[in-house]
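Residues in the sequence shown are numbered from 1 upward in steps of one, following our numbering.
Don't be surprised by glycine CBs; every beta carbon is placed ideally from N, CA and C.
Fair warning: this is a prediction, and the values are worked out from it, not measured in the lab.
Inspection log for the structure reproduced underneath, given as structure tokens.
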Amino acid sequence: MPHPLPPEVVALLRQQDGVVSRRQLLGLGVGDPCMRTWLRRKELCSLLPGVYVDHTGPPSWRQRAWGAVLYAAPAVLQGPSALRAESGPGRRDHDDAGPVQVLVGAGRTVRDQPGVRVHRTRRLEEVARWHVSPPRCRVEDAVLDVASVARDDFAAYAVLARAVGARLTTPLRLQRAIVARGRIPRRAFLVAALDDLVEGACSVIERAYLRDVERAHGLPRGDRQVRGSSRGPVFRDVHHRRFGVTVELDGRADHTDVEDRDTDLDRDLDAVAYGETAVTLRLGWGQTVGRPCRTAVRVARVLQARGWDGEPVRCPDCP
Numbered sequence: 001m002p003h004p005l006p007p008e009v010v011a012l013l014r015q016q017d018g019v020v021s022r023r024q025l026l027g028l029g030v031g032d033p034c035m036r037t038w039l040r041r042k043e044l045c046s047l048l049p050g051v052y053v054d055h056t057g058p059p060s061w062r063q064r065a066w067g068a069v070l071y072a073a074p075a076v077l078q079g080p081s082a083l084r085a086e087s088g089p090g091r092r093d094h095d096d097a098g099p100v101q102v103l104v105g106a107g108r109t110v111r112d113q114p115g116v117r118v119h120r121t122r123r124l125e126e127v128a129r130w131h132v133s134p135p136r137c138r139v140e141d142a143v144l145d146v147a148s149v150a151r152d153d154f155a156a157y158a159v160l161a162r163a164v165g166a167r168l169t170t171p172l173r174l175q176r177a178i179v180a181r182g183r184i185p186r187r188a189f190l191v192a193a194l195d196d197l198v199e200g201a202c203s204v205i206e207r208a209y210l211r212d213v214e215r216a217h218g219l220p221r222g223d224r225q226v227r228g229s230s231r232g233p234v235f236r237d238v239h240h241r242r243f244g245v246t247v248e249l250d251g252r253a254d255h256t257d258v259e260d261r262d263t264d265l266d267r268d269l270d271a272v273a274y275g276e277t278a279v280t281l282r283l284g285w286g287q288t289v290g291r292p293c294r295t296a297v298r299v300a301r302v303l304q305a306r307g308w309d310g311e312p313v314r315c316p317d318c319p
């Protein structure tokens, strides 16, 4: 008859998504002969050196994450793996087949394993969240780690904006976190980007409009993420209340989805039907990122027609 796992082992497996380490089993009083018996009978299967899972099939991502943390213990998930655990299985920008990233203390000699990448820090106790499942670093540090090594500045800003938009953190928390950090790649950019997030530029295209259209050409500063007065909870990307001009920014590469387009049109119709007097300028990636100087001139003309007495200034990139 199969040797049943003791209740304390079963309870630990349930807490850790079916994963347990040799060190933990020894701590429960389980000896090596008993472990070998369980492995022979497939009641436990080897996942990583000194780490076991309670089935013979492919491990889930959470089981791989638990395995990596237990293999490198004391360790926590780092960077993209920490964000994946925080956001859950719906996180679409994470490659679950890629290696699990873990963070250990400085000076340790834990080696990478297939599917596991080990990073080191002198701030492990400061950033670790040991009480969550699986243990991971703080959201703010995970976001900064991912943004700092993004492929370019646009991608880095998208990481920051996505974390704030998903309410995983806030711009102010991220600002405090980067102040507490030592050296970090792309530091100057991240500091400036977080200033823009505090101002309400909640996406890559919104930051591009703020920086390359509005600021660079001396346009009046608009209010950002302003709650609208039409049906339901509506937020305007940029609103010039004094001049009755609203700027809506759409950074999607393909804006042909019927439901998305219908929502935008419905919102514009509501603005008229419910008595809003602001004119709406709907700008896409091409106008904001591809042709910011030309767009600034045209936005300025709209503002002038509605009472602005200023003139747009030339930026270094103006033709």
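Where does residue i land, buried or exposed, given buried means 16+ other C-beta within 10 angstroms?
{"i": "Ser46", "result": "exposed"}
{"i": "Val313", "result": "exposed"}
{"i": "Gln15", "result": "exposed"}
{"i": "Glu214", "result": "buried"}
{"i": "Gly182", "result": "exposed"}
{"i": "Ala201", "result": "buried"}
{"i": "Val10", "result": "exposed"}
{"i": "Asp93", "result": "exposed"}
{"i": "Leu172", "result": "exposed"}
{"i": "Asp309", "result": "exposed"}
{"i": "Val340", "result": "Residue 340 lies beyond the range of the chain shown here (1 to 319); nothing can be said about it."}
{"i": "Pro4", "result": "exposed"}
Have a look at the DSSP bridge pairing and note the partners of residue i.
{"i": "Arg14", "result": "For Arg14, which the question treats as bridged, DSSP gives no partner whatsoever."}
{"i": "Asp250", "result": "Gly284"}
{"i": "Asp223", "result": "His239"}
{"i": "Val213", "result": "None, per the DSSP bridge assignment."}
{"i": "Leu48", "result": "Val51"}
{"i": "Ser21", "result": "Val51"}
{"i": "Ala128", "result": "Cys137"}
{"i": "Gln113", "result": "Val116"}
{"i": "Val164", "result": "Val164 is not bridged to any residue."}
{"i": "Val245", "result": "His240 and Val279"}
{"i": "Val76", "result": "Leu103"}
Which residues bound the beta strand (DSSP E) around residue i?
{"i": "Gln101", "result": "Val100 to Gly105"}
{"i": "Thr121", "result": "Val116 to Thr121"}
{"i": "Val143", "result": "Note, Val143: premise wrong, no beta strand (DSSP E); alpha helix (DSSP H) at Val139 to Ser148."}
Which residue marks the beginning of the alpha helix (DSSP H) containing residue i, and which one marks its end?
{"i": "Ser87", "result": "Gly79 to Ser87"}
{"i": "Thr295", "result": "Pro292 to Ala305"}
(request) Pair every Cβ in the segment 120-140 with every Cβ in the segment 166-178, then say whether three or more of these pairs are closer than 8 Å. (result) Contact holds: three or more Cβ-Cβ distances are below 8 Å.
(message) Check whether the segment 29-42 and the segment 74-90 are in contact - that is, three or more C-beta pairs closer than 8 Å.
(response) No, the segment 29-42 does not touch the segment 74-90.
(message) Does the contact criterion of 3 or more C-beta pairs under 8 Å hold for the segment 284-292 versus the segment 205-213?
(response) Touching, yes, given that three or more Cβ pairs across the two stretches are closer than 8 Å.
(request) State whether the segment 103-111 contacts the segment 155-168, with contact taken as three or more CB pairs (one from each stretch) at a distance under 8 Å. (result) They do not touch, by the three-pair rule.
(request) Inspect the CB distances between the segment 118-132 and the segment 153-164 and report whether three or more fall short of 8 Å. (result) No contact exists between the segment 118-132 and the segment 153-164.
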